[in-house]
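Quick notes on the structure that follows.
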Amino acid sequence: MTRSPPIVNVVDVVTLGESMVTFLPTRQGRLADVPSFERAIGGAESNVACVLAALGHSTRWVSRVGADGFGDHLVERIAGYGVDVGAVRTDPVRPTGVYFRTAADRATAAHEVAYYRAGSAASAMSVTNTDLTAARVGRVLHLSGITAALSAQCLDLVRHLSRPTAWRPLLSFDVNHRPGLWTGTDGAEVLLELARVADIVFVGEDEAEHTWGVTGGPTAIRALLAEPSLLIVKQAAKGATAFAGASESTFSRRVNDEGAQPLRAAAGSRAAGAGAGDNPSAPGHATGPRPTTTPLTFEPAPHVDVVAPIGAGDAFAAGFLSATLRGLPLERRLRHGHLAAAAALTTPADLAAPPTRDHADRLAALDDEAWGRLRLGPGWTQADRAPEEANTP
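In structure tokens form, the structure reads like this:
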């Protein structure tokens, strides 16, 4: 008897990539001097899935772990956030990746990270051993450049899922350039290729300079990446700039629930002008000349008392995608990205619980003057007072 294929539920966002067990030091100092570590989890794509789940969205994480206690821990912890882990496969031979890091700021010379991920189970993900149906059955598929760098077969998998086809979900791509992961190349050309076929792209301003040599700021980055319907340029503590140029058809593919209509309106109230920046080679796009300018929206980041910067970019992407799924205006999407990032910045771990949706909505709705007065420190997401009172000087 032929067995029917398993039924895969449609979720809001699917993420695919490696997650690792993270060992955080119990005190400041060199790795050689730290006497003990606390266990946590970390992984760009699983971080996005967990934050989105905490914000009330249905999410799925697709990956591969080792047949070891670390793999069990990852799957259990991520599932504990409400993420669907049914498509995570166990590798009987390769181990789960782990890494150790110091407590110092990643931007300082004193910061150390020791990765033990070479030959990991996730690096063996491929087109043939990954549940492609589970990866595709979502309103949004979120990928990053980290997965593409893990191995040749992982790159083939990312290219396969990114290929513009009728069944591809809305594709979100975080450049996440990690030069040390690439073998025989710095990955710049591959990352540019992958970013140009995505619908939504996240990239840091400094990251674009280091990866592609772009020095002219967000507008110059948009000139290099004119194809994505939404390009979000993260500018560290300064804020973020979004360029919108989506046609309705780009955002209506495979979106069939109550969020379909909001997704079709990609441009926010400050960034009208659908059609600018469309990718002629992507599905749902009409052919025509590439525009010379596109509307942009800039939103400053709130003042944040930073504890650790790790995981902030993943949280920003999750906050932005959450607001996009809800059909919020573009400036509100950027503010929700900033708020989710602030939650990560004010905790020592790679993954932090975001503010509640109501709390974030109240803060994101502040007028520009009140938004500019925000100062967020450790514990701010738990504040039960009025946000203006709890988070302003």
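My numbering puts the sequence shown at residues 18 to 410. Each residue gets a CB set at the ideal place from its N, CA and C atoms; glycine is no exception.
| query | result |
| --- | --- |
| Give the DSSP bridge partners of Met37, in chain order. | Gly59 |
| Would you mind stating whether Leu91 and Ser36 have Cβ atoms separated by less than 8 Å? | yes |
| In the DSSP assignment, find the beta strand (DSSP E) that holds Pro317 and state where it starts and stops. | Leu313 to Pro317 |
| Give the secondary structure of Arg77 by DSSP, where H, G and I count as helix, E and B as strand, and everything else as coil. | strand |
| For Thr182 versus Val175, is the C-beta spacing smaller than 8 Å? | no |
| Using the rule of at least 16 other Cβ atoms within 10 Å of the residue's Cβ for burial, across every protein chain shown, is His227 buried or exposed? | exposed |
| Pick out whichever of Phe315, Val157, Thr398 and Val324 has its Cα sitting closest to the Cα of Leu356. | Thr398 |
| So the alpha helix (DSSP H) Arg213 belongs to, where does it begin and stop? | Ala205 to Arg213 |
| Among the residues of its own chain, which have a CB less than 7 Å from the CB of Trp199, if the five just before and after it don't count? | Ala166 |
| What does a CB cutoff of less than 6 Å around Pro317 pick up in its chain, not counting 5 residues either side in sequence? | Gly256 |
| Would you kindly report the start and end of the unbroken beta strand (DSSP E) that includes Ala261? | Gly256 to Ala261 |
| In terms of residue numbering, what span does the alpha helix (DSSP H) encompassing His90 cover? | Gly86 to Gly97 |
| I'd like the span of the alpha helix (DSSP H) that includes Arg153, first residue to last. | Leu149 to Arg153 |
| Per DSSP, Gly230 is paired with what? | In DSSP, Gly230 forms no bridge with anything. |
| Can you grab the Cα-Cα spacing for the pair Ser140 / Leu188, in whole Å? | 21 Å |
| State yes or no: is the C-beta of Ala358 within less than 8 Å of the C-beta of Ala340? | no |
| Quick one, which of Thr39, His159 and Gly86 has its alpha-carbon nearest Trp78's? | His159 |
| Got a sec, what are the start and stop residues for the beta strand (DSSP E) Ala131 sits in? | Val130 to Tyr133 |
| Is the number of C-beta pairs between the region 332 to 339 and the region 227 to 240 that are closer than 8 Å three or more? | no |
| Measure the beta-carbon distance from Val218 to Leu248 and round it to whole angstroms, keeping in mind my assumption that it falls under 8 Å. | 5 Å |
| Name the DSSP beta bridge partners of Thr373, please? | The partner list for Thr373 (beta bridge, DSSP) is empty, contrary to what the question assumes. |
| So, for Asn26: in the same chain, excluding its five sequence neighbours on each side, which residues have a beta-carbon less than 6 Å away from its beta-carbon? | none |
| Can you name, in chain order, every residue of its own chain whose Cβ lies under 6 Å from the Cβ of Glu93, other than the five neighbours on each side? | none |
| So Ala381 and Arg349 are in contact, right, with Cβ under 8 Å, and what is the actual spacing, rounded? | 5 Å |
| Where does His320 sit, in a helix, a strand or coil, going by DSSP? | strand |
| Work out the CA separation of Ser53 and Asp108 for me, nearest whole Å. | 29 Å |
| Alpha carbon to alpha carbon, what distance is there between Thr373 and Asp274? | Confidence is the limiting factor: at Asp274 the pLDDT is only 42, short of 50, which leaves the residue's position unreliable, though a coordinate-based value still follows. Spanning the two alpha carbons is a distance of roughly 23 Å. |
| Could you pull the DSSP bridge partners for Pro42 from this structure? | Phe54 |
| Look at the Cβ atom of Leu393, then the Cβ atom of Thr364, and state whether they are nearer than 8 Å. | no |
| Under 8 Å, do Ala34 and Ala57 count as touching if we go by C-beta distance? | The residue asked about is misnamed: residue 34 is Gly in this sequence, not Ala. Cβ atoms of Gly34 and Ala57: not closer than 8 Å. |
| In terms of DSSP beta bridges, what is Arg392 paired with? | His320 |
| Tell me the DSSP bridge mates of Ser189? | His159 and Ile217 |
| Using a Cβ distance threshold of 8 Å, determine whether the region 151 to 158 contacts the region 127 to 139, with at least three qualifying pairs required. | no |
| Pro319 to Gly389, Cα distance in whole Å? | 6 Å |
| Taking the alpha-carbon of Gly354 as reference, which of Asp375, Ile238 and Ala332 has the nearest alpha-carbon? | Ala332 |
| Quick check: the Cα distance between Leu411 and Ile238, rounded to an integer number of angstroms? | Only positions 18 to 410 of the chain appear in this structure, which leaves residue 411 out of reach. |
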